[in-house]
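Asks:
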Amino acid sequence: MSDKPSLPKGTRDFGPQQMAKRNYILNTIRGVFETYGFMPLETPAMENLSVLTGKYGDEGDQLLFKILNSGDYLSKVEKPIDKSAKELLPKIAEKGLKYDLTVPFARYVVMNRHDITLPFKRYQIQPVWRADRPQKGRYREFFQCDADVIGTDSLICEAEIIMMMNSTLGKLGLSDYTIKLNNRKVLTGITEAIGAPGKESDFCVAIDKLDKIGLEKVLEELSDRGLSDDSIQKVVPILEITGDTQEKIEKLKTILATSETGLAGIQEIEAVFSLAKTMEGDLSKVNFDITLARGLSYYTGAIFEIQVNNVKIGSISGGGRYDNLTGVFGMPNMSGVGFSFGVDRLYDVLEELGLFPEESLTSTQALIIHFDAPSQNFGLGVAAALRKSGIKTEIYPDKAKIKKQFTYADKKNIPYTIIIGSEEMASKNLTFRNMQTGTEEKLTVDQIIEKLS
RNA sequence: GUGGUUGUAGUUCAGUUGGUUAGAACGCCUGAUUGUGGUUCAGGAGGUCGUGGGUUCGAGUCCCAUCUUCCACCCCA
Numbered sequence: 003m004s005d006k007p008s009l010p011k012g013t014r015d016f017g018p019q020q021m022a023k024r025n026y027i028l029n030t031i032r033g034v035f036e037t038y039g040f041m042p043l044e045t046p047a048m049e050n051l052s053v054l055t056g057k058y059g060d061e062g063d064q065l066l067f068k069i070l071n072s073g074d075y076l077s078k079v080e081k082p083i084d085k086s087a088k089e090l091l092p093k094i095a096e097k098g099l100k101y102d103l104t105v106p107f108a109r110y111v112v113m114n115r116h117d118i119t120l121p122f123k124r125y126q127i128q129p130v131w132r133a134d135r136p137q138k139g140r141y142r143e144f145f146q147c148d149a150d151v152i153g154t155d156s157l158i159c160e161a162e163i164i165m166m167m168n169s170t171l172g173k174l175g176l177s178d179y180t181i182k183l184n185n186r187k188v189l190t191g192i193t194e195a196i197g198a199p200g201k202e203s204d205f206c207v208a209i210d211k212l213d214k215i216g217l218e219k220v221l222e223e224l225s226d227r228g229l230s231d232d233s234i235q236k237v238v239p240i241l242e243i244t245g246d247t248q249e250k251i252e253k254l255k256t257i258l259a260t261s262e263t264g265l266a267g268i269q270e271i272e273a274v275f276s277l278a279k280t281m282e283g284d285l286s287k288v289n290f291d292i293t294l295a296r297g298l299s300y301y302t303g304a305i306f307e308i309q310v311n312n313v314k315i316g317s318i319s320g321g322g323r324y325d326n327l328t329g330v331f332g333m334p335n336m337s338g339v340g341f342s343f344g345v346d347r348l349y350d351v352l353e354e355l356g357l358f359p360e361e362s363l364t365s366t367q368a369l370i371i372h373f374d375a376p377s378q379n380f381g382l383g384v385a386a387a388l389r390k391s392g393i394k395t396e397i398y399p400d401k402a403k404i405k406k407q408f409t410y411a412d413k414k415n416i417p418y419t420i421i422i423g424s425e426e427m428a429s430k431n432l433t434f435r436n437m438q439t440g441t442e443e444k445l446t447v448d449q450i451i452e453k454l455s
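Just so you know, we're using our numbering here: the first sequence kicks off at 3 and counts up by one.
(1) Output the distance between the C-alpha atoms of M3 and T441, rounded to the nearest integer angstrom.
(2) Tell me which residues share the same chain as R14 and place their Cβ nearer than 6 Å to its Cβ, disregarding the 5 neighbours each side in the sequence.
(3) In the structure shown, what three-state DSSP assignment does L99 receive?
(4) Determine the extent of the alpha helix (DSSP H) in which Q269 is found, giving its start and end residues.
(5) Mind checking G264: buried by the 16 CB within 10 Å criterion, or exposed?
(6) Can you list, in chain order, the stretches of the alpha helix (DSSP H) that have 4 or more residues and sit fully within the segment 336-360?
(7) On a CA-only basis, which of G267, A149, D60 and F67 is nearest E36? Give me that one, please.
(8) Scan the segment 309-334 and note each continuous beta strand (DSSP E) run of 3 residues or more that stays entirely inside, going in chain order.
(9) With three or more beta-carbon pairs closer than 8 Å as the criterion, would you say the segment 222-236 touches the segment 136-151?
(10) Just the C-alpha distance for D213 and Y301, rounded to the nearest angstrom, thanks.
(11) With distance defined between alpha-carbon atoms, name the residue in Y179, Q449 and L174 nearest to L28.
(12) Pick helix, strand or coil for P10, following the three-state DSSP scheme.
(13) Quick one, which of D412, M48 and R435 has its alpha-carbon nearest I422's?
(14) Do you know how far the Cα of T293 is from the Cα of Q128?
(15) Classify K138: buried if its beta carbon has 16 or more other beta carbons within 10 angstroms, exposed otherwise.
(16) In its own chain, which residues sit with a C-beta less than 8 Å from the C-beta of T170, not counting the 5 before and 5 after it?
(17) Between R347 and the rest of its own chain, which residues show a CB-CB distance below 7 Å, the 5 nearest in sequence each way excluded?
(18) Go through its chain and collect everything with a Cβ distance to V105's Cβ below 6 Å, but skip five positions before and after it.
(19) Residues in the same chain with beta-carbon distance under 7 Å from N50, minus the five sequence neighbours each way, listed in chain order, please.
(20) Can you name the start and end residues of the beta strand (DSSP E) that R124 belongs to?
(21) Given a threshold of 16 other Cβ atoms within 10 Å of its Cβ, counted over all protein chains shown, does M21 qualify as buried or as exposed?
(22) Just confirm the distance between the C-beta atoms of K253 and I243, as a whole number of angstroms; I'd bet it's less than 8 Å.
(23) Between the C-alpha atoms of I450 and S177, what's the straight-line distance to the nearest angstrom?
(24) What's the call for V456, buried or exposed, on a 16-neighbour Cβ count within 10 Å?
(25) Taking a contact to mean a Cβ-Cβ separation below 8 Å, would you say L1 touches Y101 in this structure?
(26) Within a Cβ cutoff of 7 Å, which residues of the same chain sit near E426, ignoring the five residues on either side of it in sequence?
(27) Smallest Cα separation from T247: which of K287, E218, D60 and T260?
(28) Roughly how many whole angstroms lie between the Cα atoms of D155 and V238?
(29) So within the segment 159-226, which uninterrupted beta strand (DSSP E) runs reach at least 3 residues, ignoring any that extend past its ends?
(30) Determine contact between the segment 267-285 and the segment 157-171, defined as no fewer than three beta-carbon pairs at a distance below 8 Å.
(31) Is it the case that the segment 388-398 contacts the segment 353-371, given that we only count it when at least three CB pairs across the two stretches are under 8 Å?
(32) Which value, in whole angstroms, describes the spacing of the CA atoms of I240 and D291?
(33) Could you pull out every residue in the same chain whose Cβ sits closer than 6 Å to the Cβ of D325, ignoring the five residues on either side in sequence?
(34) Give me the Cα-Cα distance between G383 and R389, rounded to the nearest whole angstrom.
(35) Cutting at 6 Å between CB atoms, please list the residues of its own chain near L120, excluding the five before and the five after it.
(36) Rounded to a whole number of angstroms, what is the C-alpha to C-alpha distance between Y418 and P359?
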């Protein structure tokens, strides 16, 4: 009835001020990625559903946005009323919006395997869509910034990821965060050691919640998920392991002594720490966290997550190693590792902590203010000269009262105004006003350019 | 997807047990100040109370549906 416009649930517009802040984040991330030799890649917003489904688990399939076929999309359906959604879907939709950037990347690698040189390093900054129920820091359309290396199993990649995380967050002014590191092999090793092999995913889902719901509840959930009392008994000392990374590693080595996989995981973690140290990395914020599990089923080795402390928002970054993601597309044994920043959450965090620098917000440097048609006309030449020197300049387009033009500059946070009237035109000395201090001086166009360059 | 929550001016919010013409602050516009913004003062504009139904003599207020917001679960950036 109402023709008031609205947005789909969980989506947002980004106004000029927000875009300035987002670009500041994006440029920072892009700069770091490129410093480490990653090259940009973009893939379509939509993929064939055959590419997307089955990669994210049953939950993930539910969260995929499907795209209705074009044209008479019901033509292939015989008796639509009798069909269940599950049977109907493949007949009316064959495309979907992408759910993350990693699966399309794997698809790209497989399709272009003869064209790319391995190891292949790419970064990708694009929106993804999930039909989740929105909450704070959780949207239906959001941007991911992925960096992945595929075609090598070198642990240098893992170490470099830690370096990139530190570097990016440092540049953004964040200091109070924790990079959590774990390894799926360690988790597998634990399930073997406690006599619950094959229960890995149940185990992961439960212990992932340790810091959220506490030890008791986790044990309850493990029991609900079918672990034996004996196994649960054996889990307790593992979850209670404390100490610094080195101590945790030593303790786990004893516990996992019988598990080949588990020991391999421990060794990888040690190697990553050692490599990062050799790269002169700051490891003070990196924490070997036994309870870090992560949901995505394709991870097989290292897993990462970043938690910003003292901010009530979910993780701002996650990633890990996957040994066989391209396998489902017919290209087995391609190990890759990567991670992703969530721009939207990073934005919320920086906003909450007031970490956006002033410079990231100023757009126009100078506004030319005029009194009448002749002075406006004169201003056009001044604007052209400033712009030629690369100075972001605006001239007020209407004939308006001075007051209004000043207010405009004020609202837009423009730091300098150049006032042009008959006096200025006669003397060629323009009034150059610092909007913050209110001080004015008479300067020639060249002098103004020098000041602003 | 399950359970709960929210919606009143551009924004943040008041609005009594259902009762006449729905208020405030901030913002916006105009003027005091026709060559000077951010302060002050005076005035002004702006609302089919998310939307659609229902109960009632009467609904912003009660009921139902729907959309939206936020929260918990699930899961995740």
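Ideal Cβ positions, reconstructed from N, Cα and C, are used throughout, including at glycine. Note that this is a predicted model, so its numbers are computed, not measured.
Replies: Answer, in terms of the structure:
(1) With a pLDDT of only 32 at M3, under 50, the local geometry of the prediction cannot be trusted, and the value read off the model is given with reservation. So the alpha carbons of these two residues sit roughly 55 Å apart.
(2) none
(3) strand
(4) E262 to T280
(5) buried
(6) 345-355
(7) A149
(8) 319-324
(9) no
(10) 22 Å
(11) L174
(12) coil
(13) R435
(14) 30 Å
(15) exposed
(16) T30, I31, V34 and F343
(17) G139, I315, G316 and I318
(18) K57
(19) E96 and K97
(20) F122 to W131
(21) exposed
(22) 5 Å
(23) 39 Å
(24) Outside the shown range of the chain, which is 3 to 455, sits residue 456, and nothing can be said about it.
(25) No statement about residue 1 is possible, as the shown extent of the chain runs from 3 to 455 and does not include it.
(26) L432 and T433
(27) K287
(28) 33 Å
(29) 179-185
(30) yes
(31) yes
(32) 11 Å
(33) T302 and S337
(34) 10 Å
(35) G153
(36) 19 Å
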